[in-house]
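Below you'll find the structure, written out as structure tokens, and then a few comments.
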Amino acid sequence: MRTRSVQQVIQSMPTSDGGGVKLRRSLGQSQALRLDPFLMLDEFSSINPDDYIAGFPNHPHRGFETVTYILDGHMLHRDHLGNEGHLKRGGVQWMSAGRGIIHSEMPQQDSGRLRGFQLWVNLPASEKMKPAAYRDIQAEDIPVLNLTEGGQVKVIAGQANINGKVTGGSIQGLSTELLFLDVRLRAGGSFIHPLVTDHNAFVYPYEGQCDIGSLLKIHPLESQSLGVLTQGDCVEIRAGGEGVAFLLLAGKPLKEPIVQYGPFVMNTREEIEQAIADYNNGELV
Ligand code: CO
41 MRTRSVQQVI
51 QSMPTSDGGG
61 VKLRRSLGQS
71 QALRLDPFLM
81 LDEFSSINPD
91 DYIAGFPNHP
101 HRGFETVTYI
111 LDGHMLHRDH
121 LGNEGHLKRG
131 GVQWMSAGRG
141 IIHSEMPQQD
151 SGRLRGFQLW
161 VNLPASEKMK
171 PAAYRDIQAE
181 DIPVLNLTEG
191 GQVKVIAGQA
201 NINGKVTGGS
211 IQGLSTELLF
221 LDVRLRAGGS
231 FIHPLVTDHN
241 AFVYPYEGQC
251 DIGSLLKIHP
261 LESQSLGVLT
271 QGDCVEIRAG
281 GEGVAFLLLA
291 GKPLKEPIVQ
301 YGPFVMNTRE
311 EIEQAIADYN
321 NGELV
């Protein structure tokens, strides 16, 4: 067993996007700060409606997937085809933009806390021009596993393997073989999970802090900073004194060239120029 350690810490930085939603960006702050196949991770969390009320009005995407995971509050998703999805507390929307989507994501509240994440996951070249597709997953449809020493694991994508017991998540069968777990541990609690040796992986604590690695080599990770893991067969995470809640993500690297222009992520410059032309001609989708 080779236990993974932390090879890089990316501090999340305050920024804003969409109509002016305040958020913290870790992956994707710059093109150098990606982790194949992950392009971007944003966390939004505020009790001040001024920080989120403007939402994400109509905007396009092509060539990748956006995963929205709501912890508190609710948002309404609408697209150019008239599809509508209500994203509620604990729910996930998995959108594969494929060749194109034009959509809006708007908070459905004018007070209270809105908190959640948006993750961008790249698509392989062979899937970038597929028709757009959605999966809306309600909180009650996400498997929740209780850990023996307290704490719990939500299995959003891939397969959780807790002490040899395998539980399939809500999303499976992606070509990036994604694992997406939301884990909550009590103070002093620990979590060990196998990972495919050469898949890229990261941990993002969003409440409390944790220690990552085997007892021989421990790396502390503060809240709202993203720890990129070294390669290896498993990860060991120990909660700090206040307990911890974190995301654990892993995926198969695509190892393809990336050319990004805002919300378009393709493999070549020509494909980006085509995406812009298609958008301007009303032919993106
Ligand atoms: Co979007």
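Counting from 41, one number per residue, gives the positions in the sequence shown under the numbering used here. Positions of the beta carbon are idealized from the N, C-alpha and C atoms, including for glycine.
By DSSP, does residue i sit in helix, in strand, or in coil?
| i | result |
| --- | --- |
| Glu276 | strand |
| Ile298 | coil |
| Tyr92 | coil |
| Asp112 | strand |
| Arg309 | helix |
| Glu124 | strand |
| Ile211 | strand |
| Ser66 | coil |
| Asn320 | helix |
| Ser151 | coil |
| Ala290 | strand |
| Ala72 | coil |
| Gln158 | strand |
| Gln314 | helix |
| Glu83 | strand |
| Ala165 | helix |
| Ala173 | strand |
| Ala285 | strand |
| Pro77 | coil |
Check the DSSP bridge columns for residue i and list the partner residues they point to.
| i | result |
| --- | --- |
| Asn201 | Val206 |
| Arg102 | Phe304 |
| Val236 | In the DSSP output, where bridge partners are listed per residue, Val236 has none listed. |
| Gly331 | Absent from the model: residue 331. The displayed extent of the chain is 41 to 325, so no value can be given. |
| Ala227 | Answer by DSSP bridge pairing: none, since Ala227 is not bridged. |
| Arg118 | Glu124, Ser144 |
| Ile252 | His259, Ile277 |
| Pro183 | Note: Pro183 sits in no beta bridge, so no partner. |
| Met41 | According to DSSP, which records beta bridges pairwise, Met41 is partnered with nothing at all. |
| Val61 | Asp57 |
On the premise that residue j lies in contact with residue i, defined as a C-beta separation below 8 angstroms, what is that separation, rounded to the nearest angstrom?
| i | j | result |
| --- | --- | --- |
| His101 | Ala137 | 4 angstroms |
| Arg78 | Gly291 | Reading off the sequence, residue 78 comes out as Phe, not Arg. Contact holds; Cβ gap of about 7 angstroms. |
| Leu116 | Met135 | Contact doesn't hold; Cβ gap of about 14 angstroms is too wide. |
| Gly103 | Arg129 | Rounded, the Cβ-Cβ distance is 30 angstroms, inconsistent with contact. |
| Asn65 | Ser85 | Note on identity: in this sequence residue 65 is Arg, with Asn being the wrong assignment. Their Cβ separation, rounded to whole angstroms, is 13 angstroms, which puts Arg65 and Ser85 out of contact at 8 angstroms. |
| Arg226 | Ala279 | 6 angstroms |
| Val46 | Leu269 | 6 angstroms |
| Gln199 | Thr237 | Not confirmed; about 16 angstroms, so no contact. |
| Ile232 | Glu276 | 5 angstroms |
| Ile252 | Ser210 | 25 angstroms between Cβ atoms; not a contact. |
Between residue i and residue j, what straight-line distance do the alpha-carbon atoms span, to the nearest angstrom?
| i | j | result |
| --- | --- | --- |
| Ser166 | Asp76 | 16 angstroms |
| Gly95 | Gly58 | 6 angstroms |
| Pro54 | Gly60 | 12 angstroms |
| Leu288 | Met80 | 14 angstroms |
| Glu217 | Gln148 | 32 angstroms |
| Arg175 | Ala197 | 12 angstroms |
| Glu310 | His143 | 24 angstroms |
| Ile357 | Arg155 | Lying before the first or after the last residue shown, residue 357 is absent from the chain, which here runs from 41 to 325. |
| Tyr301 | Gly322 | 18 angstroms |
| Val223 | Lys194 | 6 angstroms |
| Gly229 | Ser263 | 16 angstroms |
| Ser254 | Arg44 | 8 angstroms |
| Gly190 | His120 | 44 angstroms |
| Ala72 | Thr308 | 17 angstroms |
| Leu67 | Lys205 | 31 angstroms |
| Gly248 | Ile110 | 19 angstroms |
| Arg139 | Leu256 | 47 angstroms |
| Val299 | Trp160 | 14 angstroms |
| Lys168 | Leu219 | 21 angstroms |
| Leu185 | Gly131 | 16 angstroms |
Which term fits residue i, buried or exposed, when burial requires 16 or more other beta carbons within 10 angstroms of its beta carbon?
| i | result |
| --- | --- |
| His25 | Examination of residue 25 is not possible in this model, given that the chain is present from 41 through 325 alone. |
| Glu282 | exposed |
| Arg42 | exposed |
| Thr106 | buried |
| Ala317 | exposed |
| Ser215 | exposed |
| Asn88 | exposed |
| Glu83 | buried |
| Asn162 | buried |
| Asn320 | exposed |
| Asn240 | buried |
| Ala179 | exposed |
| Thr108 | buried |
| Gln133 | buried |
| Gly213 | exposed |
Any heavy atom of the ligand GTP closer than 6 angstroms to the beta-carbon of residue i?
| i | result |
| --- | --- |
| Asp150 | With respect to small molecules bound, the structure shown includes the ligand CO and not the ligand GTP. |
Is residue i close to chain D, meaning its C-beta is less than 7 angstroms from at least one C-beta of that chain?
| i | result |
| --- | --- |
| Glu323 | Checking the listed chains, one finds no chain D in this structure; it contains a single protein chain. |
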